[in-house]
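Beneath this line is the structure, given in C-alpha cells, with notes to follow.
There are 2 protein chains.
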Amino acid sequence: MAIAEATRTLVKPRVHQQLVKTLAQRILSQEFKPGTLLPPEPELCETLKISRSALREAIKVLSGKGLVTPRPRTGTVVRPRDEWNLLDPELLAWSMELEPSAEFVLSLIEARQVIEPAAARFAALRAAENDIAVIESAYERMSEALAALDFDAFNEADIDFHKALLRASHNVVFQKLSTMIGAALAYSFRLTIQRAREPGASLPNHGEVLERIRLRDADGAYASMARLLDIAIVDLGLSSIPPRIRR
Amino acid sequence: MAIAEATRTLVKPRVHQQLVKTLAQRILSQEFKPGTLLPPEPELCETLKISRSALREAIKVLSGKGLVTPRPRTGTVVRPRDEWNLLDPELLAWSMELEPSAEFVLSLIEARQVIEPAAARFAALRAAENDIAVIESAYERMSEALAALDFDAFNEADIDFHKALLRASHNVVFQKLSTMIGAALAYSFRLTIQRAREPGASLPNHGEVLERIRLRDADGAYASMARLLDIAIVDLGLSSIPPRIRR
DNA sequence: GGGAAGAAATAATCTGATGTTTTCGACGAT
DNA sequence: ATCGTCGAAAACATCAGATTATTTCTTCCC
C-alpha cells in the first residue's frame, strides 16, 4: 500500500521543474528561436537567480525532450521545431497553454479522426467486461453532468470516455496517444466556450459508440465514432478536414 | 552555415547520457521493477563510479520521460509501465534494442495499419512537388539497392520512403510518429533476416503507392498502402491483426 | 595555401557542504 | 485506546567552487 500511495502523493513545487517549464515555454513561444543559442550557463544562472546545478538538470531534461542540444565550447542551441518531441505529455500540455498554431490544432483533429474510429473498432473486438464498465461509467457521468448543467464535469467525463475507449482497444500505442487526444479535446472545450456553443450535443453519439462496443459490432463502432468526431468538428465551426496545401 | 552544421556534428560519448541509457534499459528490462525504489544516490554513485551531478542529471531526464519520480525522504520510485513515455524516440529505440514484448510489437504493427494508409491519403491530397520528389528518391534507392542485392541499403531506403510519406502528409502528429514507424520497420527487418525470407518483395507495392500519390488519387493511395502493409505482415509470418483478448 | 600547434570559450564533471521535504516514531493529552 | 503534536532522521534538492574536457578559432610555421 505504502508505495502505490507514495507515488501518487503530490509534492511542493520543485525549483528545477519550474525551470524546465519556464525554459520550455520560452522556446515553444519562439522567444528563443531554433538555431540560436541560449545564454551561457553563468548568465542564465544570474538572470534566473538559481544555481548551476538546477539549471543544468533543467537543460538536460529539455535535451531529453529534443528541444535543445548542449555542446562544449559552442553553447546550448535550440533545435529545429520538427525535432521537438511534441507528443511528450509535458511539452504537449505546455504548448496548449500557450496559443497553439492553427496547423498544430488541425493536425491533432485529423489524427483523432484517424485513430479514434480504429480504436473503437479494436475496443469492440477486444474490450473486457471491465473495460466496458469504465467506458459506461464515464458515459453516465457525462449524462449526469449534463442534467446538472455542470459543463466542466461534462467535459472531464468526456475526456475520460475517450481515454477509457483507447484503453479498451488494448493497443499500447493508442493508449500512449491518449494524452494527445486529451489535449485536443481540452482545446476543443476552450473553443466551445469561447463561441458560446451548446455543449452536450454529442451525448447521444457517445451512447451509440458505447452500445456498438457492447454489441461487439466492430464496423458499427468504427462508423459511430467517426460520426461523433465529424459532428464535434462541425460544432467547432471547422469544416471537416480541408486540404491545406495543394498544388 | 556554422550553426546548422554545428547542430549536426556528433560528439564524443557524454557520461551522463550513457548513464541515462544504462538506467533506462535496466528499468525497461524489469531489472528495476515498477513500484520499487532505485538504490539511494550515494550507493548508485559508488556502484557506477560516477559523481552525484552526473547521476542526478540522468535521473532528471528519466523523470522527464516518465520512468521514475524522485521524492525526498522516500527515494526514487520506478513508475508503472503505462506511465512511461514509450513513444519518446530514445525510449523507443532502447526498448527495441532489448527484446520487445510481443504485445508491444503487435501494437506497433496495428498502429502502422491505421496510420499509414491515412497518411498516404493526406499525402495524395496535399504533397508538394518537392515532397513527392523525396519519396521518389527513396523509391529509386530501394530499387537500386535491390538490384545490387544490398539489403541493408534497401531497408534503409524503405524506412526513408515511409518517413518521406509521413512528412508529405503535412500532418505534424503523423510526422512525429515517424520514429515509431521507423522502429517498427527496423524490427520487421530483424525478423525478416532471422527467418531468411526474401526481402524486396514489397518494391512494386511501394511503386504503386508512389504512383497513386503522384496521381492525387487519395482513395487509391489509401488502398495501396493498406495492401502494402498487409503483405508485409503476412511476410512476417503473422496473420493480419488477430484479436488478442476476447471474452 | 595548407596543415599543425596552441589558446580560449564553454559545457562537463567532480567534490563537499547545506537546505528542505517528507515520513515515522515518540510522547502526551483527551 | 485514539488522536494530535512535536521532533528526529532519511533521502533528495540546492548551492558554491574548482577542475577537466571538448571544440573551435586563431596563429604560426612550413
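Chains L and U, in that order, give the protein sequences. Take -7 as the starting number for the first sequence in the working numbering and just add one per residue. Take -7 as the starting number for the second sequence in the working numbering and just add one per residue. Even glycine gets a Cβ: it sits at the ideal position worked out from N, Cα and C. Nothing here was measured: the structure is a model prediction, and the numbers come from that model.
Cβ pair residue i, residue j closer than 8 angstroms
i              : j              : result
L29 (chain U)  : G67 (chain U)  : yes
E75 (chain U)  : G58 (chain U)  : yes
A50 (chain U)  : L84 (chain U)  : no
N197 (chain L) : S216 (chain L) : yes
I205 (chain U) : A119 (chain U) : yes
S194 (chain U) : A156 (chain U) : no
V70 (chain L)  : R63 (chain L)  : no
F153 (chain U) : M134 (chain U) : yes
L202 (chain U) : E136 (chain U) : no
Rounded straight-line distance, which links the Cα of residue j to that of residue i
i               : j              : result
E108 (chain L)  : A176 (chain L) : 12 angstroms
L169 (chain L)  : L79 (chain L)  : 8 angstroms
A210 (chain L)  : E200 (chain U) : 29 angstroms
N147 (chain L)  : A178 (chain L) : 8 angstroms
V226 (chain L)  : L11 (chain U)  : 49 angstroms
I124 (chain L)  : R208 (chain L) : 11 angstroms
V126 (chain L)  : A213 (chain L) : 17 angstroms
K240 (chain U)  : V7 (chain U)   : Because residue 240 (chain U) is not part of the residues shown, which for chain U are -7 to 239, the question remains open.
A218 (chain L)  : L54 (chain U)  : 37 angstroms
N77 (chain U)   : R44 (chain U)  : 25 angstroms
L158 (chain L)  : L221 (chain U) : 23 angstroms
Q105 (chain L)  : F96 (chain L)  : 14 angstroms
E23 (chain U)   : E82 (chain U)  : 19 angstroms
I19 (chain U)   : I151 (chain U) : 28 angstroms
A115 (chain U)  : L228 (chain L) : 25 angstroms
T61 (chain L)   : P31 (chain L)  : 13 angstroms
D65 (chain U)   : Q9 (chain L)   : Going by the sequence as given, residue 65 (chain U) is Arg instead of Asp. Each residue's alpha carbon lies about 18 angstroms from the other.
Y131 (chain L)  : R182 (chain L) : 21 angstroms
G27 (chain U)   : P72 (chain U)  : 7 angstroms
I(-5) (chain L) : E33 (chain U)  : Here I(-5) (chain L) scores only 34 on pLDDT, less than 50, and its place in the model should not be relied on; the value that follows carries that caveat. For I(-5) (chain L) and E33 (chain U), the distance between alpha carbons rounds to 19 angstroms.
P41 (chain U)   : S21 (chain U)  : In the sequence under discussion, the amino acid at residue 41 (chain U) is Lys, which differs from the Pro named in the question. Those two C-alpha atoms are separated by around 22 angstroms.
G192 (chain L)  : Q17 (chain L)  : 33 angstroms
L141 (chain U)  : R187 (chain U) : 17 angstroms
C37 (chain U)   : C37 (chain L)  : 26 angstroms
A149 (chain L)  : E35 (chain U)  : 45 angstroms
Residue i, buried or exposed, once every other Cβ within 10 Å from all chains shown has been counted against 16
i              : result
G174 (chain U) : buried
R91 (chain L)  : The residue you asked about is not Arg; residue 91 (chain L) is Glu in the sequence shown. Exposed.
E190 (chain U) : exposed
L47 (chain L)  : buried
D144 (chain U) : exposed
K241 (chain U) : Absent from the structure is residue 241 (chain U), since the part of chain U shown begins at -7 and ends at 239.
T39 (chain L)  : exposed
E89 (chain L)  : exposed
A139 (chain U) : exposed
K4 (chain U)   : exposed
I185 (chain L) : exposed
S87 (chain U)  : buried
A160 (chain L) : buried
A94 (chain U)  : exposed
R113 (chain L) : buried
N122 (chain L) : exposed
Any non-hydrogen atom of the ligand FMN closer than 7 angstroms to residue i Cβ
i              : result
M172 (chain L) : Ligands are entirely absent from the displayed structure, and the ligand FMN is therefore not among its contents.
N-terminal and C-terminal residue of the alpha helix (DSSP H) that residue i is part of
i              : result
G67 (chain U)  : Looking at the DSSP string, G67 (chain U) is not in any alpha helix (DSSP H); the run it does join, the beta strand (DSSP E), is G67 to V70.
P191 (chain L) : From DSSP, P191 (chain L) is part of no alpha helix (DSSP H); its letter is neither H nor E.
E148 (chain U) : F143 to A160
P109 (chain U) : A94 to R118
A140 (chain L) : Careful: A140 (chain L) lies outside any alpha helix (DSSP H) and carries neither H nor E.
P81 (chain L)  : P81 to E89
F166 (chain U) : V164 to K168
S216 (chain L) : A210 to D227
I51 (chain U)  : R44 to G56
T39 (chain U)  : E33 to L40
L15 (chain L)  : V7 to L20
Element boundaries [beta strand (DSSP E), containing residue i]
i             : result
P62 (chain L) : V60 to R63
Quick check: the stretch 155 to 165 of chain L against the stretch 92 to 100 of chain U, are at least 3 beta-carbon pairs closer than 8 angstroms?
Three or more beta-carbon pairs separated by less than 8 angstroms link the stretch 92 to 100 of chain U to the stretch 155 to 165 of chain L, which places the two stretches in contact.
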